[in-house]
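A.B. asks: Residue numbers (our numbering): 2 to 457. Note that the Cβ used here is the ideal one computed from N, Cα and C, for glycine as well. Please see the structure below; I have some questions.
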Amino acid sequence: MQPLAILPIDNGRYGTREMLEIFSEQRKVDYQLEIEGAAAVSQSETGMISKSAGKEIFKAAMYGKITAKRIKQLEAKSDHDTAALVESLSEKCSKNARPWIHYGLTSNDLVDTSNSMQMRDALQVIEPKVARMASMLAKKAVKHAKVPAVGRTHGQHASIISFGLKFANWAAEMAKHVERIEEIKKRILICKTLGVVGTGSLMGAKSLEVQRRAARRLRLFPAEVATQVVPRERYAEYVFELALIGATLEKIATEVRNLQRTEIGEVAEQFKKGQMGSSAVPVKRNPIKSERVSSLSRLVRSQVALAFENIPLWHERDLSNSANERFLIPTVSILVDEMLEAMTGIVSNLMVDEKRIADNLYVTKGQIFAEFVLEALIKKGIPRFVAYRDVQRVAFEASDKGMPYKDAIKKDRAFTSKLTDREIDAIFSPEKHLGASPAIISNVEKSVRKTVSKLA
2 MQPLAILPID NGRYGTREML EIFSEQRKVD YQLEIEGAAA VSQSETGMIS
52 KSAGKEIFKA AMYGKITAKR IKQLEAKSDH DTAALVESLS EKCSKNARPW
102 IHYGLTSNDL VDTSNSMQMR DALQVIEPKV ARMASMLAKK AVKHAKVPAV
152 GRTHGQHASI ISFGLKFANW AAEMAKHVER IEEIKKRILI CKTLGVVGTG
202 SLMGAKSLEV QRRAARRLRL FPAEVATQVV PRERYAEYVF ELALIGATLE
252 KIATEVRNLQ RTEIGEVAEQ FKKGQMGSSA VPVKRNPIKS ERVSSLSRLV
302 RSQVALAFEN IPLWHERDLS NSANERFLIP TVSILVDEML EAMTGIVSNL
352 MVDEKRIADN LYVTKGQIFA EFVLEALIKK GIPRFVAYRD VQRVAFEASD
402 KGMPYKDAIK KDRAFTSKLT DREIDAIFSP EKHLGASPAI ISNVEKSVRK
452 TVSKLA
């Protein structure tokens, strides 16, 4: 009888096959066996145990076909998962090699180092997707670089931006995430084989060399210092970085959701043939993928507090972190990967309505140009706050009367005494007010390309 799937991760609703496999029961066993093998070979190379014992343990660990099912059978008796793994490995080794299995190690040498291996492989899945997202957004930025659009602050029309600048902001942050991932690897991908309280007690003076060799084999970094466990600051940094990626994805999703609102309508998620937006309202096209990203980001972000709670353990360690970490690292890894997959689909198929973008510039009947009217008066020698009051006064009056802002300006002496009709008309050309947007977008695109190329 198959076990009942409770969580959406368990029933396949969320999570790519590649990422789910990293956190499968059998893969966790394989990681820990690899650690046992790497430790044994490293010990044999330093003369701590015989070459033959090291080779035999390594071979059994790597190719003994030890299953999670067998370990569960043994764990049912011992009530200790690491002891069950060691016993299952002993079943594959000769009498002469058995005493040296798990020599000088403790349970958390396997648990923590296998966690590092999972994080290592999870980042190998996540990082290229982050880089791809950065590149995709940078290309969108270039494509829409010369499209004037409404820039909004506090939910209100503020001034004119390049529509491409939205994508450039997102692209730059995704590229920074690539840099952050590269930077944190040396701090979070830790191999620890220093035994019960972090002294390498049974291995003595050779313990650091054993750890260094094992770390190299496992493509990890040796622990500089540890208790029985790797410091949980390392895990908190991993969780925080994934939550940060999730927050950036949520930022993009939130903007897509806002711009897809009926009243704005500047972008829309792709709506496939046969797709249903609402079970009750046939005409609706809901931004459900962006909403999913926002929802999952909240769940990922909530794990940051949990990761921080796990840092202050008692003395050289206690078990108060152990149970929740079985959820913590898989959850954030699987969900951020899911969010990246979703957002990649959203951005690559995003529908941009340039006509609606242009129309929205005039929703306020030209008041979005107020910043540039103010600038024109200042350049004519009018003190800033005098000019500010006149720009504001006429804008409010025009709004009350439902009058185009430009027409109201042309009827007011405060403006006509300083500006000609031709000068006023020139102000109300959105293409002239993109500022440094094209240069900013070009710089971002080059920076993203440079960052991403380092991963090739």
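Who are the near neighbours of valine 268 in its chain, counting only those whose CB is closer than 8 Å to its CB and skipping five residues on each side?
C.D. replies: Correct list, in chain order: Val257, Leu260, Gln261, Leu351, Met352, Val353 and Asp354.
A.B. asks: Please list, in chain order, all residues of the same chain as glutamate 372 whose beta carbon is under 7 Å from its beta carbon, the five residues on each side excluded.
C.D. replies: Closer than 7 Å at the Cβ level, and outside the excluded window around glutamate 372, lie Ser160.
A.B. asks: Can you give the Cα-Cα distance for isoleucine 189 and leucine 329, rounded to whole angstroms?
C.D. replies: Going from the Cα of isoleucine 189 to the Cα of leucine 329 covers about 15 Å.
A.B. asks: By Cβ distance below 8 Å, which residues in the same chain neighbour alanine 388 in space, the five residues on each side in sequence not counted?
C.D. replies: Within the same chain, alanine 388 has close Cβ partners Leu375, Leu378 and Ile379.
A.B. asks: Use the C-beta contact count for histidine 103: other C-beta atoms within 10 angstroms, 16 or more gives buried, fewer gives exposed.
C.D. replies: Buried, by the Cβ-count rule.
A.B. asks: Would you please state the rounded distance, in angstroms, between the beta carbons of isoleucine 182 and leucine 221? I believe it to be under 8 Å.
C.D. replies: That pair is no contact at about 15 Å.
A.B. asks: Output needed for glycine 367: all residues of its chain with C-beta closer than 7 Å, excluding positions within five of it in sequence on either side, in chain order.
C.D. replies: Excluding positions up to five away in sequence, the list reads Pro405, Tyr406, Lys407 and Phe429.
A.B. asks: Express the C-alpha separation of alanine 308 and valine 240 in angstroms, rounding to a whole number.
C.D. replies: Cα-Cα distance, rounded: 7 Å.
A.B. asks: Arginine 327 to asparagine 12, Cα distance in whole Å?
C.D. replies: C-alpha separation (whole angstroms): 18 Å.
A.B. asks: Could you tell me which residues DSSP pairs with serine 163 in its beta bridges?
C.D. replies: Bridge partners of serine 163: Pro149.
A.B. asks: Rounded to whole angstroms, what's the CA-CA distance from serine 349 to lysine 356? Just pull it up for me.
C.D. replies: Using only the alpha carbons, I get a separation of about 20 Å.
A.B. asks: Who are the near neighbours of histidine 158 in its chain, counting only those whose CB is closer than 6 Å to its CB and skipping five residues on each side?
C.D. replies: Cβ neighbours of histidine 158 beyond the five flanking positions: Val151, Thr365 and Ile369.
A.B. asks: Taking Cβ positions, are isoleucine 67 and leucine 34 nearer each other than 9 Å?
C.D. replies: The answer is yes: Cβ separation under 9 Å.
A.B. asks: Going by the CB atoms, is the gap between alanine 142 and valine 445 shorter than 9 Å?
C.D. replies: Yes. Within cutoff.
A.B. asks: Looking only at DSSP bridge pairs, what is threonine 154 linked to?
C.D. replies: Gln157, per the DSSP bridge assignment.
A.B. asks: How many Å lie between proline 331 and serine 108 at the Cα?
C.D. replies: Cα to Cα, proline 331 sits roughly 20 Å from serine 108.
A.B. asks: Leaving aside the five residues before and after leucine 250 along the sequence, list all residues of the same chain whose C-beta is less than 6 Å from its C-beta, in chain order.
C.D. replies: Excluding residues within five positions, the ones whose Cβ falls inside 6 Å are Val294, Met340 and Met344.
A.B. asks: Our contact map puts glutamate 26 next to alanine 69 with C-beta atoms below 8 Å; I'd like the distance itself, whole angstroms only.
C.D. replies: Yes, glutamate 26 and alanine 69 are in contact; Cβ-Cβ is about 4 Å, under 8 Å.
A.B. asks: With the cut-off set at 9 Å, would you say valine 211 and threonine 194 are in Cβ contact?
C.D. replies: Cβ atoms of valine 211 and threonine 194: closer than 9 Å.
A.B. asks: Which partner residues does phenylalanine 309 have in the DSSP bridge list?
C.D. replies: Answer by DSSP bridge pairing: none, since phenylalanine 309 is not bridged.
A.B. asks: Could you check what DSSP says for methionine 352 in three-state terms: helix, strand or coil?
C.D. replies: Strand, per DSSP.
A.B. asks: Go through the region 99 to 125 residue by residue and report every complete run of the alpha helix (DSSP H) that reaches 4 residues or more, in order.
C.D. replies: Runs found: none.
A.B. asks: On the CB-based measure, 16 or more other CB atoms within 10 Å of its CB, does proline 288 come out buried or exposed?
C.D. replies: Its Cβ being crowded by 16 or more others within 10 Å, proline 288 is buried.
A.B. asks: Measure how close the beta-carbons of isoleucine 442 and phenylalanine 164 come, nearest whole angstrom, since I'm counting them as under 8 Å.
C.D. replies: Incorrect: roughly 10 Å between the Cβ atoms, too far for contact.
A.B. asks: On the DSSP bridge list, what partners appear for valine 268?
C.D. replies: Partner(s): Val353.
A.B. asks: Look at isoleucine 36 and leucine 219 and say whether their C-beta atoms are less than 9 Å apart.
C.D. replies: Contact flag set, yes.
A.B. asks: Which residue marks the beginning of the alpha helix (DSSP H) containing valine 42, and which one marks its end?
C.D. replies: First-last of the alpha helix (DSSP H) with valine 42: 26 to 46.
A.B. asks: So lysine 381 is in the alpha helix (DSSP H); what residue range does that whole segment cover?
C.D. replies: Here lysine 381 belongs to no alpha helix (DSSP H), and DSSP marks it neither H nor E.
A.B. asks: If you draw a straight line from the C-alpha of aspartate 122 to the C-alpha of glycine 205, how long is it?
C.D. replies: Taking the straight line joining both Cα atoms gives about 31 Å.
A.B. asks: Going by beta carbon distance, what residues of the same chain come within less than 7 Å of asparagine 409, once the five residues before and after it are set aside?
C.D. replies: Reading the sequence as shown, one finds alanine at residue 409 and not asparagine. Closer than 7 Å at the Cβ level, and outside the excluded window around alanine 409, lie Val395, Glu398 and Ala399.
A.B. asks: Would you kindly work out how many angstroms separate the C-alpha atoms of threonine 255 and serine 296, rounded to a whole number?
C.D. replies: About 11 Å.
A.B. asks: Can you name the start and end residues of the alpha helix (DSSP H) that serine 53 belongs to?
C.D. replies: Where serine 53 is concerned, the enclosing alpha helix (DSSP H) stretches over 52 to 64.
A.B. asks: Going by Cα to Cα distance, which pick from Pro232, Val87 and Lys52 is closest to leucine 314?
C.D. replies: Checked all of Pro232, Val87 and Lys52; the closest Cα to leucine 314 is Pro232.
A.B. asks: In the DSSP assignment, the alpha helix (DSSP H) including serine 89 goes from what residue to what residue?
C.D. replies: Element bounds for serine 89: 82 to 91.
A.B. asks: Arginine 18 lies in the alpha helix (DSSP H); which residues open and close that run?
C.D. replies: Start and end: 18 to 23.
A.B. asks: Starting from the C-beta of leucine 456, find all residues in its chain whose C-beta is less than 8 Å away, skip the five residues before and the five after it, and write them out in chain order.
C.D. replies: Within the same chain, leucine 456 has close Cβ partners Glu128, Pro129, Ala132 and Val179.
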